[in-house]
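Take any residue in the sequence shown, note its place counting from 1, add 9, and you have its number in the working numbering.
By construction, the Cβ of each residue, glycine as well, lies at the ideal position given by its N, Cα and C atoms.
Here the structure is a predicted model, which is why all the values come from computation and not from measurement.
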Amino acid sequence: MEKALWLSVFVLYTLYPVSTSKLKIVNNGYEGILIALDPGTLPQDRIRIVTYLQNLLQSSSSILTTSTKGRAYFRSATFLVPRSWGDIKNWLTDADNKTSFEDSGGTLNREDADVIVTTSRTNDHPYTLHQGGCGRRGLRIYLPSSSLMGSGPKLSGRDFIRLWSEFRYGTFPEGGFAEDEKYPTVYRMPDEATDRATECKTEPKRPQDDCDENATCEKECKEECQTECEIKCKERCKGKCKSEPIVSSLMDQNLPNEAILFCEGRLSLGPNHNPNSPSKHNLLCNEEGTWFTVLRSPDFKYGKNAAPKSFSDISLAFRFVKEVDAPKVIVAIDVSSQMKKKDMYTLVKNAFSHFVTTILPSGTELSLVTFGGDSNSSLVTSSLVLTDDTSRLSYLEGQPLPEEPLDEENSCLDCALEDIIKLVENENSSFTSAPHVIMLTTTQHLDPDKYDAILLALQQSEMRLMALVFQKDSPTRSTLNDLCSESGNRLIYVGRDPLKDMYRSFVQAVRGHHSVQMISQEYLITLDEENIEFKFILDKSVSKDLKVSLSGPQFSSSPLEYGNTRLIGPQGSVMFLRKREIVPSWDFHLPNPQTGTYTLKTRRKLGAKSPVMVSVYGTAPIREEPITTHVWVEILESTISPPPVQIFAEVRKGNNPIKNATVIAHVYHPRSEEISEIPLFDDGLGNVDITQDDGVYSHYFTNFTTTGFYNVHVMVSGGLNDYSTVLRGPSSTCCGSVFTSDAQSPSGQFLREAGPATFEVTTLSDQEDAYPPAKVTDLRITKRYDQVLAVQWTAVGDDFDTGVASTYELKVLRNRSLIRNRFSHPGLELSSVTIGTTPLAEYGMTLHHLLEIPSLERGMYYLGIRAVDEAGNAGEPSNAVAFWVEGKQPAMHCTNEQIMAERLTQAASHARLSFVVLFIALFIIL
10 MEKALWLSVF
20 VLYTLYPVST
30 SKLKIVNNGY
40 EGILIALDPG
50 TLPQDRIRIV
60 TYLQNLLQSS
70 SSILTTSTKG
80 RAYFRSATFL
90 VPRSWGDIKN
100 WLTDADNKTS
110 FEDSGGTLNR
120 EDADVIVTTS
130 RTNDHPYTLH
140 QGGCGRRGLR
150 IYLPSSSLMG
160 SGPKLSGRDF
170 IRLWSEFRYG
180 TFPEGGFAED
190 EKYPTVYRMP
200 DEATDRATEC
210 KTEPKRPQDD
220 CDENATCEKE
230 CKEECQTECE
240 IKCKERCKGK
250 CKSEPIVSSL
260 MDQNLPNEAI
270 LFCEGRLSLG
280 PNHNPNSPSK
290 HNLLCNEEGT
300 WFTVLRSPDF
310 KYGKNAAPKS
320 FSDISLAFRF
330 VKEVDAPKVI
340 VAIDVSSQMK
350 KKDMYTLVKN
360 AFSHFVTTIL
370 PSGTELSLVT
380 FGGDSNSSLV
390 TSSLVLTDDT
400 SRLSYLEGQP
410 LPEEPLDEEN
420 SCLDCALEDI
430 IKLVENENSS
440 FTSAPHVIML
450 TTTQHLDPDK
460 YDAILLALQQ
470 SEMRLMALVF
480 QKDSPTRSTL
490 NDLCSESGNR
500 LIYVGRDPLK
510 DMYRSFVQAV
520 RGHHSVQMIS
530 QEYLITLDEE
540 NIEFKFILDK
550 SVSKDLKVSL
560 SGPQFSSSPL
570 EYGNTRLIGP
580 QGSVMFLRKR
590 EIVPSWDFHL
600 PNPQTGTYTL
610 KTRRKLGAKS
620 PVMVSVYGTA
630 PIREEPITTH
640 VWVEILESTI
650 SPPPVQIFAE
660 VRKGNNPIKN
670 ATVIAHVYHP
680 RSEEISEIPL
690 FDDGLGNVDI
700 TQDDGVYSHY
710 FTNFTTTGFY
720 NVHVMVSGGL
730 NDYSTVLRGP
740 SSTCCGSVFT
750 SDAQSPSGQF
760 LREAGPATFE
770 VTTLSDQEDA
780 YPPAKVTDLR
790 ITKRYDQVLA
800 VQWTAVGDDF
810 DTGVASTYEL
820 KVLRNRSLIR
830 NRFSHPGLEL
840 SSVTIGTTPL
850 AEYGMTLHHL
860 LEIPSLERGM
870 YYLGIRAVDE
880 AGNAGEPSNA
890 VAFWVEGKQP
900 AMHCTNEQIM
910 AERLTQAASH
920 ARLSFVVLFI
930 ALFIIL
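This is the structure:
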């Protein structure tokens, strides 16, 4: 019996926004599309690329309006101009009154862009990095410069809307991909002798195709037979015999540029959807038409942005903003008496000092805001530009933070947010561009009467807010969490390891502004008088500057022996540290360091038990693409409570994905010492991970132990015990089941760490096992032996992609729609087999089974499979696989009776338990 109902998942709620750009749709118009131009573009090519992009967006806008049936168009776009391009107005002189210019982009950076222009070879292809499932938004669109200029094929407006649809609405390509076993360019129906193209289009039919002997019509009619079968047959036949134009799908990347409509249903303006086609969209979207996926997107769901009778103005405005070298940052710190608990204030001062001395990019303009106390007012210190070590230390020596927190407990969070918004958005504000705001607070709740106004102000501002919330003993649902989620900002929970959480959060807050990369962070062992060694690898991509910092919650007590602490370089050179009493920390700073393996050696003092944390940072050379990683979580909407969480980590070198890296996520549980260690995969199996080798690694998390905030950290390594590779490209139309590239190079050895990403659990399930296995996405018939089918699929887990499913249910049904919609309904199957498993059938393993075909009438039949766990939770049914049976010719009966499924025998109608026929990794058919 099924104990949990799992619905097809199309709606997404995220604590972290997938993209942190400010793109939004208002009254049918998309505003704030952020396009990052390429620093490597030659001066003579810059105006050509910008002009082409402007024209492309203009032409795409009208196509978008047509394809969405009047629901959307492009209203405004922002070009993020690299500083290396110089003064914008000097090279873009032909600008109209719809074009504006700004000297500073504030918080805007390439990593948050919706569209990124890349330096490319002639065979690079544009693509959408789409990490989520059907109906879920992608990360960004990549446009190689070769698709915008040069002698080769150019990106058309139709092509851009196809990329946009995948990015914004969560559709997938409807055409096939060369040499792709999962999404082939052609397929053949079992009852046909010729191949069909994997596509969705309406083709004209001649009368003799369907009407001469009515064979095709009768075959279709039998599947849909109702009371007036003959009449329906004639009507359908008559419609097919009309002269019709060819109508292709917009989402078919292999069809002509004239195709600007989404694939939908029978009686529509667009192409008729073909569920038989083995396209990526069909498989991942349960064989629905792309138009229905578009309608279900958050932009149009529940009638949002319905098509108006007419648009008063659909002109497109362009804004050019120069990228900044260093950000403007406001740090707002709660100084109420609540900060006295658990030495929180001491740790905050440590983390803030570390941020100033080690993490902030050179040239950062820093402002400090303190809030809390009965006055409900905020104290703002004057901003200061920090350029070098001297200015950083001078700033901290001025004691910008109070020595101790206040005695008053009150902390008005909404008052502080209002003051910051006023400080930034006021007409007389000294901020010429939007700042990053980092808020550290013990309060998680806002005044309900002020919530909407603050939310609207944050949504309209380019200011970026990162709220760091400290652990409370009796947590309740956080309205600050809701505010961050709804406004496209971030909340991070400062848990049981506050110093590590704050250090890492500060790195994230200024991510993208030539900032430091966290190479490694670890606590040293705490045994008395023990010699300690800590090794790490410095790679070329972050070899401009190396910083190693030793600190901890009670580091001012000097738990290590200063004279025995040294850093040994790759060639044996010894470096000695410097003390920073004001942080407090001991630091190594090496400009232009050697690459390779470093060893930190130190020794603990007798009786010194306080924990010591070592943090290692590197900075990228000017012309070097850094290896970066970041982590985020997405919470799926489902009927299960709490809903499953998907963990994602992206690993790239510049714009290029890195495959075969080792990525491990650590999930810290609230108010507990428990840490879940989870490997993340880039396998492209279509469950949580959509495309193999695209640099996005992922995994489900369902091990919820209590309510509250969970933190996720990731550790990434490459070139150690794996074959991590940087992929340039893509070198063909992207993306099928795999990101393809004909220019690959070893990544070399590297280490990175990222996080935390935070998600909140508000309820727990009362079931011991509430989560079903994942959906099988690659069921296929590998060979046929007369009345026996050899079938193959990839194993899924017990809980989505974790563990081993208990059994697999393999069924034969008469109609493919029954697999999608009525797989679990008893009595409809013509054959049913239950396949048991062994512990070897883990997620990702290839499984095989030999299925005996029962005695059936002549016709087309369909296989489907689903996994079931020990608790009876059943996963979604798989893709449908057709096969043909040469049985006796059935008679066609049109009656007033309801159509009934054909039954074989009593034995065949019941599920039959068979022994497992599983051959792991390699299956040889003799």
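Going by DSSP in three states, S109 sits in which element: helix, strand or coil? strand
Please report the straight-line C-alpha distance between Q408 and I546, rounded to a whole angstrom. 36 Å
State yes or no: is the C-beta of V805 within less than 8 Å of the C-beta of A783? yes
Any idea which residues DSSP pairs T450 with across the strands? V478
For Q580, the three-state DSSP class (helix, strand or coil): coil
Is the beta carbon of L464 less than 8 Å from the beta carbon of S442? no
For the alpha helix (DSSP H) containing A360, name the first residue and the last one. M353 to H363
Around the Cβ of Q776, are there at least 16 other Cβ atoms within 10 angstroms (buried) or fewer (exposed)? exposed
Assign Q347 to one of two classes, buried (16 or more other C-beta atoms within 10 Å of its C-beta) or exposed (fewer than that). buried
Quick check: the stretch 814-831 against the stretch 861-874, are at least 3 beta-carbon pairs closer than 8 Å? Touching, yes.
Would you mind sorting L856 into buried or exposed? The rule is 16 or more other CB atoms within 10 Å of its CB. buried
Output needed for P193: all residues of its chain with C-beta closer than 7 Å, excluding positions within five of it in sequence on either side, in chain order. G185, T207 and P287
Using DSSP's beta-bridge definition, name the partner residues of D808. Bridge partners of D808: T811.
Less than 7 Å between C-beta atoms, sequence neighbours within five positions excluded: which residues of the same chain meet that for N283? C209
Start-to-end residues for the beta strand (DSSP E) that takes in K668: N665 to K668
For A45, which option in R831, L270 and P91 has the closest C-alpha, if you only look at C-alpha atoms? Minimum Cα distance to A45 is reached at P91.
From E183 to G298, what distance separates their C-alpha atoms? 10 Å
Determine whether the beta carbon atoms of R613 and L536 lie at a separation below 8 Å. Result yes, Cβ atoms of R613 and L536 sit closer than 8 Å.
I think R171 touches Q262, with their Cβ atoms under 8 Å apart; what is that distance to the nearest whole Å? Indeed, because the Cβ distance is near 6 Å, the residues count as touching under 8 Å.
Do S733 and I673 come within 8 Å of each other at the CB atom, strictly closer than that value? no
Unbroken alpha helix (DSSP H) runs of length 4 or more, entirely within the stretch 300-326: which are they? none
Please report how far the alpha carbon of Q796 lies from the alpha carbon of L859, in whole angstroms. 10 Å
Is I716 near L773, with beta carbons less than 8 Å apart? The question names Ile, yet the displayed sequence has Thr at residue 716. Yes. Within cutoff.
Opposite K78 in the DSSP bridges: which residues? DSSP lists no partner for K78.
Quick one: using the 10 Å Cβ neighbour count with 16 as the cut-off for buried, is I97 buried or exposed? buried
CB-CB length for A104 against I34, believed under 8 Å: Contact between A104 and I34 fails: their C-beta atoms lie close to 26 Å from each other, not under 8 Å.
If you check the beta carbons only, do P568 and V621 fall under 8 Å apart? yes
E686 vs Q530 beta-carbon contact at 8 Å: no
From the DSSP output, in three-state form, read off L465 for me. helix
Can you round the beta-carbon distance between G381 and L415 to whole angstroms, since I take them to be within the 8 Å contact cut? 6 Å
The beta strand (DSSP E) that contains E542, what's its start and end? N540 to L547
Could you check if T399 is buried or exposed, using at least 16 other CB atoms within 10 Å of its CB as the buried criterion? exposed
Please determine if the stretch 588-596 and the stretch 338-357 are in contact, where contact requires at least 3 C-beta pairs separated by less than 8 Å. no
DSSP on N720, reduced to helix/strand/coil? strand
Check this for me: beta carbons of S420 and D491, under 8 Å apart or not? no
With a CB to CB cut of under 6 Å and the five nearest residues on each side skipped, what residues in its chain are close to G812? Taken in chain order, the residues that qualify are G806.
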